[in-house]
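Numbering (this note's numbering), first residue to last: 1417 to 1472. Here a beta-carbon is modelled for each residue, glycine too, at the ideal position from N, C-alpha and C.
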């Protein structure tokens, strides 16, 4: 899965609840090698959408 797909899905999940957990985010990335730049892009996209990233 491409990072843009992961970002889109993470934002979709987060928009429903206003938050996304680390476990939910990890589930979107099975077997993918995520680079530090990709993590920054994901976090920025979540922040731009006012979605909190929470432990649980």
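Item to check | For residue 1458 and residue 1422, believed in contact at Cβ under 8 Å, the rounded distance | outcome: 7 Å
Checklist entry - My guess is that residue 1468 and residue 1434 are in contact by the Cβ rule of under 8 Å, so how many angstroms apart are they, rounded? => result 7 Å
Next on the checklist: On a Cα-Cα basis, can you pick out the residue from 1453, 1431, 1425 that is closest to residue 1442?
Outcome noted: 1425
Item to check | Per DSSP, the bridge partner or partners of residue 1437 | outcome: 1470
Checklist entry - Out of curiosity, what's the CA-to-CA distance linking residue 1420 and residue 1444? => result 12 Å
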